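J.:
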Amino acid sequence: MNKTNISIFILVVLYIVGFIGIKFNIVENLIMLTPVNLLISVGLVLWNHEKWNSKFIIAISVAALAGYFVEVAGVKTGVIFGEYAYGKTLGPAFLEVPLAMALNWLMLIYCTAAVVSQRTEWHWAMKAAACAVIMVSMDFLIEPVAIKYDFWQWAGGDIPAQNYLAWGLIAFVLSSVFHYLVPPVNNKVAIALLLIQIGFFVGLNF
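Below you can see the structure in the form of structure tokens.
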């Protein structure tokens, strides 16, 4: 097996075990390993990236850091996404935001980019818009699970519409930076991870 197949195999096993353990409560507090899951997932995706250069490093750094500090501003002010607060599930936090959120932003920006990158006839802005649509769609899947398992909680218990609007706008901006700096990404592991995550959250919603 090559590293692509090995990586996909690890991800499939990781998420199947996680899904069964969490859904049927086979292993108590397994959900608390979510940050480890994210770290492994992002590590496998980046291990399979083909062309490392300064522009790529800048692009993934912007995705992780900008995404993270937007979350900080969101938690502190309640203006961007609405009023919300993180729980303990996502692990250690800095400025009231779990460090795992930097990994989450990086993962979503990269994986959605990998999905649309092969549309070489598309302008980078069109690719960024497609990425934003995918990410907002995923947020609809993630939100109920996040609330149930204390990833975060919304003030009043309702998810505000501005959350999805802000999520889409920020996703578009960060994806635009990524597509502007990085040539088309050929990474089957990233595409597999996105599909696995969709299946994972769909399963946890039912």
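FYI, the numbering for the sequence shown is 766 to 971, going by the numbering used here. By construction, the Cβ of each residue, glycine as well, lies at the ideal position given by its N, Cα and C atoms. Note that the structure is predicted; figures quoted are calculated from it, not measured.
#1: When the Cα of V837 is compared with those of L855, V901, V942 and L864, which residue comes out closest?
#2: Could you tell me the alpha carbon to alpha carbon distance between P909 and E815, rounded to whole angstroms?
#3: Which whole-angstrom value describes the C-beta separation of Y851 and E861, a residue pair presumed to lie in contact below a C-beta threshold of 8 Å?
#4: Under three-state DSSP, which class holds F789?
#5: The alpha helix (DSSP H) that contains A895, what's its start and end?
#6: Return helix, strand or coil for W917, following the three-state DSSP convention.
#7: Could you check whether V954 and S772 sit closer than 7 Å to each other, using their CB atoms as the reference points?
#8: Going by C-alpha distance, which of W889, M866, N928 and H888 is nearest L803?
#9: Quick check: what's the CA-CA separation for L930 versus T769?
#10: Exposed or buried, which one is A878 when buried takes at least 16 other CB atoms within 10 Å?
#11: In angstroms with no decimal places, state the Cα-to-Cα distance between M797 and A911.
#12: Fully enclosed by the segment 767-849, which alpha helix (DSSP H) runs are 4 residues long or longer?
#13: Give the secondary structure of V967 by DSSP, where H, G and I count as helix, E and B as strand, and everything else as coil.
T.: By the coordinates alone:
#1: Checking every option, the nearest Cα to that of V837 belongs to L864.
#2: 35 Å
#3: 7 Å
#4: Coil.
#5: In the DSSP assignment, A895 falls within the unbroken alpha helix (DSSP H) covering W889 to K913.
#6: In this structure, W917 counts as strand in the three-state DSSP scheme.
#7: Yes, these two residues count as a Cβ contact at 7 Å.
#8: For L803, the nearest C-alpha among the options comes from M866.
#9: 35 Å
#10: A878 comes out buried.
#11: If you draw a straight line from the Cα of M797 to the Cα of A911, it comes to about 12 Å.
#12: 768-788, 799-812 and 819-842
#13: helix
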